[in-house]
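Here's the structure, in structure tokens; my notes come after.
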Amino acid sequence: MQIDGSDHHWFEERAPACTLLVYVDDATSRLTHLHFTASESTFSYFEATRAYIECHGKPGAYYSDKASVFRSGKAHETGSSVTHFGRAMFELC
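Under the numbering used here, think of the first position of the sequence shown as 5, with each following residue one higher.
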């Protein structure tokens, strides 16, 4: 499952800019889940992923860009460079 977010003025002048989180089936290129949210954050991905899993079940894998929600360039105080989102997805397996 490919996941990504896009900040944009989706509703023109009728609402403030927001982020659309998109879940795309990597095998079929089918849009499987769309989620509007205030920003591309860990908690926004938690909300969207929960809704995706409740509707479609757990995917085999997630593919993402290098946004800080998914990738950390430095090790935390625990010595791990896994993000909160990465750790939560690992726990689902």
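Yeah, the Cβ is synthetic: ideal placement off N, Cα and C, and Gly gets one too.
In the same chain as phenylalanine 94, and ignoring 5 residues on each side of it, the C-beta atoms closer than 8 angstroms to its own belong to Val86, in chain order. Residue pairing by DSSP leaves valine 86 without any beta bridge partner. For isoleucine 57, the number of other beta carbons within 10 angstroms of its own is below 16, and it is reported as exposed. Assignment of serine 43 by DSSP, reduced to helix, strand and coil, places it in the coil class.
The Cβ neighbour count for phenylalanine 15, taken over all protein chains shown within 10 Å, is under 16; the residue is labelled exposed.
Per DSSP, reduced to three states, the secondary structure at serine 48 is helical. Around the beta carbon of proline 20, fewer than 16 other beta carbons sit within 10 angstroms, so the residue counts as exposed. With respect to aspartate 8, aspartate 69 sits close: the two C-beta atoms are nearer than 7 angstroms. In the DSSP assignment, valine 73 falls outside any beta strand (DSSP E) and carries neither an H nor an E.
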